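A short write-up of the structure that comes next.
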Amino acid sequence: MKKITVLLFTISLISFKTTAQESKIKFGLQGGANYSTLWGFDSYADLNSGLAYVFGVSFQYKIQDNLSIKTDLNYERKTQKSKNNIEILDPESSISPGTYSVKSTVYLNYLVLPVLLKYNFSKDKSFYVNAGPYLGYLLKSGIKTHVNIPGETDYDEEDTKYKKSMDFGFTAGIGKEFKVNENHQVYVEIRDNLGVSDISKTEVMNGGAIKTNSLNVLVGYTFN
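For the sequence shown, the residue numbers in mature numbering (1 follows the signal peptide of the UniProt record, and there is no 0) are -20 to -1, 1 to 204.
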């Protein structure tokens, strides 16, 4: 009987330690919108920031009561848009004289991996800030163009080969968590990914560089 009691106590202790260890780990899903820009040289000054989307998975490990390490793997589409007008004056042109609009969208599709230090604060520890570096892997980039001329079609010109495959920068965000129950939470976060590396393989005029920046608004779900 004594041996059985000792055995049950040992099993209970191991089970408690395992549960405590598992409670430190959270997995999650997240998605939302991003507002992105390209910066670093004058040629893109006439472009307007673009609205696109981001989604992915997350992993979090609690170091202390209010301190965690968090990493994500996100698919993020970064875009910028421009709108210009062209004027056709030649009456003998195959295109009727007039003013026509040209809309262009620069897009870059990335897999983004941030490694963040997360700090929870407030009385119930539901608010948090996080920060850290990120790496981005370019999947595809290009320019979509729509010309408002009868008979003309839309163009999608891929230029991935002119961009570097890796992007590097820093991430910082602030958010709030909402407890669903003991093991499930939802959260809302505003996060900025500031690229600091030149993503262009080709020379940029005036010694400039092409760098990325995206502001994410995320909604996520975590469980442990």
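Here a beta-carbon is modelled for each residue, glycine too, at the ideal position from N, C-alpha and C.
Computed from a predicted structure; not experimentally measured.
When DSSP reads this structure, Y99 sits in a beta bridge with L47 and V109. In the displayed model, T140 falls within a helix according to three-state DSSP. Spanning the alpha carbons of G78 and I123 requires a straight line of approximately 25 Å. Rounded to whole angstroms, the Cβ separation of T85 and K120 is 13 Å, and the two are not in contact under 8 Å. Distance from the CA of V166 to the CA of G175, rounded to the nearest whole angstrom, comes to 28 Å. In this structure, K4 sits away from S38, with a CB-CB distance that is not shorter than 9 Å. Within the same chain, F21 and D22 come within 7 Å of N186 by CB-CB distance, once the 5 residues on both sides are set aside. Checking the DSSP bridge columns, you'll see F39 partnered with F7 and T51.
V34 counts as buried, since no fewer than 16 other beta carbons sit within 10 angstroms of its beta carbon. In this structure, the CA atom of K50 is about 49 Å from the CA atom of I66.
In its chain, beyond the 5 residues on either side, V166 have a beta carbon closer than 8 Å to the beta carbon of V160. Within the same chain, Cβ atoms closer than 8 Å to the Cβ of F148 are found at P113, Y114, L115, G116, G175, V176 and S177, the five residues on either side in sequence being excluded. DSSP places G187 in the helix class (H, G or I) of the three-state scheme.
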